[in-house]
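**Student:** Numbering (the working numbering), first residue to last: 85 to 317. One structure coming up, written as structure tokens, with questions to follow.
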């Protein structure tokens with residue numbers, strides 16, 4: 085039942101959109117990029133909330149640290165004061181988390197779309213009646229076979245992912261006072277700046293490079309979103 089709902093609401097529409105775009109532009113690589121742009125545009129409001137939440141928590145960090153130091157021996161009072169601080173600044177600590185969880189099914193659907201998108205025999209039963217394709221899909225894009233793994237593309241994706249994580253880390257670090265000890269969260273964030281790109285490289289090392297192309301496109305858009313939202317919010 086869950087699989088049928090997932091296919092009907094996410095996987096099938098995205099798969100058909102990808103094939104329709106491919107038929108229109110004649111390039112699977114461009115189809116991946118255009119579909120990624122479309123999906124990112126749809127989920128932009130959620131991404132915006134997550135980025136604004138990151139910025140807000142960074143701005144409130146000095147006050148949070150003061151409360152933690154002031155009420156370190158009274159956890160109950162600390163919780164009350166923390167809630168008051170969040171209420172005063174209209175901050176919801178879950179605002180940046182919920183959008184990320186909502187996007188997980190979308191990412192999973194996109195993964196399967198790019199995994200199966202080259203096999204016409206496999207995807208034909210999932211295509212809508214008005215989506216007509218008979219010729220084999222041309223998987224070449226900029227001399228890269230998107231149906232196979234591409235180590236250079238995996239490295240590019242990891243580098244872009246590092247830049248994305250690094251840009252957020254630098255913004256948060258710039259708000260710290262000189263000589264201030266780093267918080268545990270900051271230490272973890274710094275570690276993740278290197279861990280996430282490493283995971284990206286490991287994951288994309290063996291997967292079809294269409295997923296790597298999606299990853300790069302998505303990360304570049306996220307970097308642009310971060311810069312715009314951080315500047316305007």
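Built from N, CA and C at the ideal position, the CB exists for glycine as well. Every value quoted in this text rests on a predicted model; they were computed, and no experiment measured them.
1) Rounding to the nearest angstrom, what Cα-Cα distance links residue 307 and residue 316 in this structure?
2) Which same chain residues, not among the five before or five after residue 258, have their C-beta less than 7 Å away from its C-beta?
3) Just the Cα atoms here: how many angstroms apart are residue 181 and residue 219?
4) Measuring CB to CB, does residue 140 end up less than 9 Å from residue 175?
5) In the DSSP assignment, what are the bridge partners of residue 225?
6) Which same chain residues, not among the five before or five after residue 229, have their C-beta less than 6 Å away from its C-beta?
7) For the putative contact between residue 116 and residue 291, defined by C-beta atoms under 8 Å, what is the C-beta separation to the nearest angstrom?
8) Out of 102, 95, 103 and 124, which has the shortest C-alpha to C-alpha gap to residue 309?
9) Evaluate contact between the stretch 244-252 and the stretch 192-212, counting only Cβ atoms and requiring at least three cross-stretch pairs below 8 Å.
10) Assign residue 293 to one of two classes, buried (16 or more other C-beta atoms within 10 Å of its C-beta) or exposed (fewer than that).
11) Keeping to the same chain, check which residues put their C-beta closer than 7 Å to that of residue 322; ignore five residues upstream and five downstream.
12) Judging by CA-CA distance, which residue of 295, 190 and 209 is the nearest neighbour of residue 235?
13) Curious, which full-length beta strand (DSSP E) runs of at least 3 residues does the stretch 140-177 contain?
**Tutor:** Concretely, from the data shown:
1) Here residue 307 refers to the residue found at position 223 of the chain shown. Here residue 316 refers to the residue found at position 232 of the chain shown. The straight-line gap from Cα to Cα measures roughly 14 Å.
2) Within the chain shown, the letter at position 174 stands for residue 258. Summary for residue 258: the model assigns pLDDT 49, below 50, so the residue's position carries little reliability, and this model does not support an answer.
3) Your numbering for residue 181 matches position 97 in the chain shown. Your numbering for residue 219 matches position 135 in the chain shown. Those two C-alpha atoms are separated by around 43 Å.
4) The count along the chain shown starts at 1 and reaches residue 140 at position 56. The count along the chain shown starts at 1 and reaches residue 175 at position 91. Against a cut-off of 9 Å, the Cβ pair of residue 175 and residue 140 comes out as a contact.
5) For the purposes of this step, residue 225 is taken as the residue at position 141 of the chain shown. Answer by DSSP bridge pairing, in chain order: 228.
6) On the chain shown, position 145 is the one that residue 229 refers to. These residues qualify, in order along the chain: 223.
7) Locating residue 116 in the chain shown gives position 32, counting from the first residue. Locating residue 291 in the chain shown gives position 207, counting from the first residue. Wrong, their Cβ atoms sit about 13 Å apart, outside the cutoff.
8) Here residue 309 refers to the residue found at position 225 of the chain shown. Measuring from the Cα of residue 309, the nearest candidate turns out to be 124.
9) no
10) Walking along the chain shown from the start, residue 293 turns up at place 209. It is buried - the Cβ of residue 293 has at least 16 other Cβ atoms within 10 Å.
11) The requested residue 322 is not part of the displayed model; the chain covers only 85 to 317.
12) Locating residue 235 in the chain shown gives position 151, where the first residue counts as 1. Checked all of 295, 190 and 209; the closest Cα to residue 235 is 295.
13) none
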